[in-house]
Amino acid sequence: MCTPTFPEGPQLRAALDGIPAYRPGRPAAGADSYKLSSNENPYPPLPGVLERAVAAAGAMNRYPDMACSALFAELADHFGVPVGHIATGTGSVGVAQQLLQATAGPGDEVIYAWRSFEAYPIITQIAGATSVQVPLTADEEHDLDAMADAVTERTRLIFVCNPNNPTGVAIRRAELERFLARVPARVLVVLDEAYREFVDDPEVPDGLGLYRAYPNVCVLRTFSKAYGLAGLRVGFCVAQEPVAAALRKTAVPFGVSQVAQDAAVASLRSGPQLLERVAALVEERRRVHAELTAQGWTVPVSQGNFHWLRLGDATVEFAEACAAAGVTVRPFPGEGVRVTVGEREADDLLLKVAGEFRGRTAG
Ligand SMILES: *Cc1c(COP(=O)(O)O)cnc(C)c1O
Numbered sequence: 322m323c324t325p326t327f328p329e330g331p332q333l334r335a336a337l338d339g340i341p342a343y344r345p346g347r348p349a350a351g352a353d354s355y356k357l358s359s360n361e362n363p364y365p366p367l368p369g370v371l372e373r374a375v376a377a378a379g380a381m382n383r384y385p386d387m388a389c390s391a392l393f394a395e396l397a398d399h400f401g402v403p404v405g406h407i408a409t410g411t412g413s414v415g416v417a418q419q420l421l422q423a424t425a426g427p428g429d430e431v432i433y434a435w436r437s438f439e440a441y442p443i444i445t446q447i448a449g450a451t452s453v454q455v456p457l458t459a460d461e462e463h464d465l466d467a468m469a470d471a472v473t474e475r476t477r478l479i480f481v482c483n484p485n486n487p488t489g490v491a492i493r494r495a496e497l498e499r500f501l502a503r504v505p506a507r508v509l510v511v512l513d514e515a516y517r518e519f520v521d522d523p524e525v526p527d528g529l530g531l532y533r534a535y536p537n538v539c540v541l542r543t544f545s546k547a548y549g550l551a552g553l554r555v556g557f558c559v560a561q562e563p564v565a566a567a568l569r570k571t572a573v574p575f576g577v578s579q580v581a582q583d584a585a586v587a588s589l590r591s592g593p594q595l596l597e598r599v600a601a602l603v604e605e606r607r608r609v610h611a612e613l614t615a616q617g618w619t620v621p622v623s624q625g626n627f628h629w630l631r632l633g634d635a636t637v638e639f640a641e642a643c644a645a646a647g648v649t650v651r652p653f654p655g656e657g658v659r660v661t662v663g664e665r666e667a668d669d670l671l672l673k674v675a676g677e678f679r680g681r682t683a684g
């Protein structure tokens, strides 16, 4: 089980060997450079949120409310679900880790599409479980038939990233329901809906409807993207009572700070302003997509706040051209580049680089 990592030093778990290092989006290169590498929200905090956060910060000598009572109550009210069906964590990545701790260990299998969210392989390996990666289709879509075929007696959890990070492609209702009907009830299906607020295709189902229909489905959401609280680390899961209870048991005690809890409550209450911002970003997403398409790029229709450029071997070169122009993007070497929909000036810079790159390489 244990490997000596250095002679006579502390024994570290073998499961950690070879864990792919999480590579955070590179920070913007300089003060006058834009960061389109981490799918963050370009807007400042929603009205009233900063005031609540500052007020909570004044009590930083105290532990936060361990039960997150106010946030749980607000979430339950907002989404119309029982308080007992909610669990929170340090970002939805934190909650995803709790999900794994609650379901899977050595010998167990975790299925997810690939390429998908970077954190899945890492947290699966930390749990000691085995990743079963099912390649996306040629259209950058989840291959749900192949994912259902991949279920074995050892499968404990399936991540379905909808829309998928980094490709932006979303799964529609009929397809997802057909998949859920095939997955045995003993396997937990986690619908990771980090970008749910940006979805404007009415055929893409709200996971909360599916959680109500399928007891083995739970929904992962975050305050990091549409709500713009990435720096505060708070996400949540809506699941049936036993799953939610297990998530609360596996949470880091006091993991969600009072600043984060109060800011999340205030954010949930600023509905109209949130919708305005989301609508503006969705509109900007359309503009960027239309421009890229006009330049000759093939870009999947994205339901998130980002686009995917499948650049293959030109990935790193493109990312470097962006950096040189003052925009940081997220390269996946050999595969493609993910670019966040950001402030208009940042997107314009990106479009300029993309147009020039296209002109150079397509000619
Ligand atoms: C950004 C993202 C998350 C959320 O991360 P947080 O930990 O909540 O900041 C979760 N899932 C996916 C697919 C994401 O892209």
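Using our numbering, the first residue of the sequence shown is number 322, and each one after it goes up by one. Don't be surprised by glycine CBs; every beta carbon is placed ideally from N, CA and C.
Bounding residues of the alpha helix (DSSP H) (the contiguous stretch that carries residue i)
| i | result |
| --- | --- |
| HIS406 | Taken as a continuous stretch (DSSP letters only), HIS406 belongs to no alpha helix (DSSP H), as it is neither H nor E. |
| ARG651 | Segment 651–653 is the beta strand (DSSP E) holding ARG651; no alpha helix (DSSP H) there. |
| CYS539 | No alpha helix (DSSP H) contains CYS539, which is instead part of the beta strand (DSSP E) from 538–543. |
| LYS570 | 562–571 |
| TYR532 | 528–534 |
| CYS643 | 636–646 |
| VAL370 | 370–378 |
| ASP398 | 390–400 |
Span separating the alpha-carbon of residue i from that of residue j
| i | j | result |
| --- | --- | --- |
| GLY549 | ASP583 | 14 Å |
| PHE519 | HIS406 | 24 Å |
| CYS643 | ARG659 | 12 Å |
| ALA423 | THR476 | 14 Å |
| LEU672 | ALA615 | 11 Å |
| ASN696 | ALA502 | Outside the displayed span of the chain (322 to 684) sits residue 696, for which this structure offers no information. |
| GLU682 | CYS539 | Checking the displayed sequence, the identity of residue 682 turns out to be Thr instead of Glu. Distance between the alpha carbons of THR682 and CYS539: 44 Å. |
| ARG590 | VAL370 | 9 Å |
| ALA534 | ALA560 | 11 Å |
| PHE678 | GLY617 | 11 Å |
| GLY647 | VAL508 | 45 Å |
| VAL453 | ALA336 | 16 Å |
| GLU685 | ASP466 | What the structure shows of the chain is the stretch from 322 to 684, and residue 685 is not part of that stretch, so it cannot be assessed. |
| GLU664 | GLU604 | 12 Å |
| ALA667 | VAL555 | 27 Å |
| ARG499 | LEU333 | 42 Å |
| TRP629 | LEU512 | 21 Å |
Residue range of the unbroken beta strand (DSSP E) whose run includes residue i
| i | result |
| --- | --- |
| ASP513 | 509–513 |
| LEU333 | 332–334 |
| VAL658 | 657–661 |
| PHE627 | 627–630 |
| GLY556 | 556–559 |
| THR614 | THR614 -> not in any beta strand (DSSP E); alpha helix (DSSP H) instead, spanning 592–616. |
Integer Cβ distance of residue i from residue j, believed to fall under 8 Å
| i | j | result |
| --- | --- | --- |
| LEU421 | ILE444 | 5 Å |
| ILE432 | ILE492 | With 8 Å as the limit, ILE432 and ILE492 do not qualify as a contact, their Cβ atoms being about 15 Å apart. |
| MET387 | PRO574 | 6 Å |
| THR571 | GLN446 | With a Cβ gap of about 17 Å, THR571 and GLN446 do not count as contacting. |
| PRO484 | TYR441 | Contact doesn't hold; Cβ gap of about 15 Å is too wide. |
| PHE627 | LEU529 | Not really, about 23 Å apart at Cβ, beyond 8 Å. |
How about the segment 461–473 and the segment 401–411: do they share at least three Cβ pairs that are nearer than 8 Å? no
Can you give, in chain order, each stretch of the alpha helix (DSSP H) that sits fully within the segment 468–521 and has at least 4 residues? 494–503
Length-filtered (4 minimum) alpha helix (DSSP H) runs lying within the segment 429–475: 440–447 and 465–470
Measuring CB atoms only, is the segment 580–597 touching the segment 548–568, in the sense that at least three cross pairs come out at less than 8 Å? yes
Three or more C-beta pairs under 8 Å: does that hold for the segment 470–484 against the segment 354–369? no
Are at least three pairs of beta-carbons, each pair with one atom in the segment 606–614 and one in the segment 631–639, less than 8 Å apart? Contact between the segment 606–614 and the segment 631–639 is absent: fewer than three C-beta pairs spanning the two stretches fall below 8 Å.
Between the segment 621–634 and the segment 484–493, do three or more beta carbon pairs fall short of 8 Å? Counting Cβ pairs under 8 Å, three or more are found: they touch.
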